[in-house]
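This report refers to the structure that appears directly beneath it.
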């Protein structure tokens, strides 16, 4: 199974993941980055949801600092301490993320997986989750497809919802409108259609917010003009009335 090549040029291929390592489902709230942590200072491009070359270089150096064993990998212990330091995720959530990224069940992850995780975390922190899923639908689908069956269902979304923050309404629309086969599971093509639909909805919401903000600014500006006008008028009338007196 190909993996993450569309996400970044230097990402490697993925082999079929282990089923037993990820058999449980975990519900959680949306993840938050801790202020002042290293990831807090990285910039994620809002259009493509990727890091700049400079930021990637800084992330490579940071990864090497975490890799105390000099194996170009992070084991589950190092991974836990990293996520515990930069996010508010609980231990079980961190374990779930590690198992999701440890595709070969080797007990460690490389920089390719580390890089994708960082982009996911930054996307959620900057409210770019829908753009991220839209831009990188293939690698996201393959991450959610934990059993390598080329299909995903509601359980997959519930398990990792603290990472991707797909709302209940979106999940209902996904099962109702994009499950063409009717088995409550969707393949990649159906998932891609869902991401396009979600992105259109997101852009409509953003447009409505901008229009609402513009109307509020216009109303505020008009209100200021109304408040200023009487004072100016009163000042003119006052000066004219003074000119009628002889001192």
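Numbering (UniProt numbering), first residue to last: 1 to 247.
Don't be surprised by glycine CBs; every beta carbon is placed ideally from N, CA and C.
These numbers come from a predicted model, not from an experiment.
Hey, out of 122, 223 and 92, whose CA is closest to residue 59's CA? Position 59 of the chain shown, counting from 1, holds the residue named residue 59. Nearest C-alpha to residue 59: 122.
Limits of the alpha helix (DSSP H) - the one that residue 106 falls within: Against the chain shown, residue 106 aligns to sequence position 106. Here residue 106 belongs to no alpha helix (DSSP H), and DSSP marks it neither H nor E.
Using 8 Å for Cβ pairs, my map puts residue 199 next to residue 143. What's the rounded Cβ distance? Here residue 199 corresponds to residue number 199 of the chain shown, with the count starting at 1. Here residue 143 corresponds to residue number 143 of the chain shown, with the count starting at 1. Not really, about 19 Å apart at Cβ, beyond 8 Å.
From residue 41 to residue 68, what does the alpha carbon distance come to, in whole angstroms? Within the chain shown, residue 41 is the residue found at index 41, counting from 1. Within the chain shown, residue 68 is the residue found at index 68, counting from 1. C-alpha separation (whole angstroms): 23 Å.
Does residue 43 pass the burial test, meaning 16 or more other C-beta atoms within 10 Å, or should it be called exposed? In the chain shown, the residue the question calls residue 43 occupies position 43. Label assigned to residue 43: exposed.
Three or more C-beta pairs closer than 8 Å, one from the segment 142-158 and one from the segment 74-82: is that the case here? no
What ranges does the alpha helix (DSSP H) occupy inside the segment 149-223, keeping only unbroken runs of at least 4 residues that lie completely in it? 154-159, 161-164 and 168-177
Throw me the rounded Cβ distance for the residue 35 and residue 87 pair, which I believe falls under 8 Å. Position 35 of the chain shown, counted from the start, is the residue given in the question as residue 35. Position 87 of the chain shown, counted from the start, is the residue given in the question as residue 87. Not confirmed; about 11 Å, so no contact.
Collapsed DSSP secondary structure at residue 75 in the structure displayed: Residue 75 sits at position 75 when you count from the first residue of the chain shown. Residue 75: strand per DSSP, three-state reduction.
Could you tell me which residues DSSP puts in a beta bridge with residue 51? Position 51 of the chain shown, counted from the start, is the residue given in the question as residue 51. As DSSP reads the structure, residue 51 sits in a beta bridge with 44.
What number of angstroms, rounded off, separates the C-alpha of residue 132 from the C-alpha of residue 226? Within the chain shown, the letter at position 132 stands for residue 132. Within the chain shown, the letter at position 226 stands for residue 226. Rounded to the nearest angstrom, the two C-alpha atoms are 45 Å apart.
Residue 51 versus residue 156 - alpha carbon distance: Taking the chain shown and counting its residues from 1, one reaches residue 51 at position 51. Taking the chain shown and counting its residues from 1, one reaches residue 156 at position 156. Each residue's alpha carbon lies about 27 Å from the other.
Residue span of the alpha helix (DSSP H) that contains residue 95, given as start and end: Start at 1 with the first residue of the chain shown, and residue 95 comes out as number 95. Residues 91-101.
Please determine, among 125, 63 and 64, the residue with the shortest C-alpha to C-alpha distance to residue 46. What you label residue 46 is simply residue 46 of the chain shown in a count that begins at 1. Per the C-alpha coordinates, the member of 125, 63 and 64 positioned closest to residue 46 is 125.
Can you look up residue 128 in the DSSP assignment and give me helix, strand or coil? Within the chain shown, the letter at position 128 stands for residue 128. Shown here, residue 128 sits in coil according to DSSP, grouped into three states, outside any helix or strand.
So if DSSP puts residue 33 in a beta bridge, which residue, or which two residues, is it bridged to? Numbered from 1 along the chain shown, position 33 holds the residue referred to as residue 33. Residue 33 pairs with 87.
Sort 219, 38, 61 and 94 by Cα distance to residue 159 and report the nearest one. Counted from its first residue, the chain shown places residue 159 at position 159. Residue 94 is the option with its Cα nearest to residue 159.
If the criterion is Cβ atoms closer than 9 Å, does the pair residue 83 and residue 162 meet it? The sequence position of residue 83 within the chain shown is 83, counting from 1. The sequence position of residue 162 within the chain shown is 162, counting from 1. Taking 9 Å as the Cβ cut-off, residue 83 and residue 162 do not qualify as a contacting pair.
For my contact list, residue 63 and residue 98 are in at a C-beta cut-off of 8 Å; report their separation, rounded to the angstrom. Position 63 of the chain shown holds residue 63. Position 98 of the chain shown holds residue 98. About 15 Å separates the two Cβ atoms, so there is no contact after all.
Rounding to the nearest angstrom, what Cα-Cα distance links residue 193 and residue 65 in this structure? If you number the chain shown from 1, residue 193 lands on position 193. If you number the chain shown from 1, residue 65 lands on position 65. Distance between the alpha carbons of residue 193 and residue 65: 40 Å.
Please confirm whether residue 55 and residue 110 have their CB atoms less than 9 Å apart. Counted from its first residue, the chain shown places residue 55 at position 55. Counted from its first residue, the chain shown places residue 110 at position 110. It is not a contact, given that the beta carbons lie outside the stated cut-off.
Distance, Cα to Cα, residue 13 vs residue 219? Indexing the chain shown from 1 puts residue 13 at position 13. Indexing the chain shown from 1 puts residue 219 at position 219. Confidence is the limiting factor: at residue 13 the pLDDT is only 41, short of 50, which leaves the residue's position unreliable and the question unanswerable from this model.
So residue 141 and residue 188 are supposed to be a Cβ contact under 8 Å. How far apart are they, rounded? If you number the chain shown from 1, residue 141 lands on position 141. If you number the chain shown from 1, residue 188 lands on position 188. In this structure residue 141 touches residue 188 by the C-beta definition: roughly 5 Å separates them, less than 8 Å.
Take residue 181 and list the residues in its own chain whose beta-carbon comes closer than 6 Å to its own, dropping the five residues that flank it on each side. Here residue 181 refers to the residue found at position 181 when the chain shown is read from its first residue. So no residue of the chain qualifies.
Quick one: using the 10 Å Cβ neighbour count with 16 as the cut-off for buried, is residue 249 buried or exposed? Shown here, the chain extends from 1 to 247; a query on residue 249 therefore has no answer.
Range of the contiguous alpha helix (DSSP H) that encloses residue 138: Along the chain shown, read from residue 1 onward, the residue named residue 138 stands at position 138. From DSSP, the alpha helix (DSSP H) with residue 138 extends over 137-144.
Among 81, 117, 70 and 167, the one whose alpha carbon lies nearest that of residue 195: On the chain shown, position 195 is the one that residue 195 refers to. Among 81, 117, 70 and 167, the Cα nearest to that of residue 195 belongs to 167.
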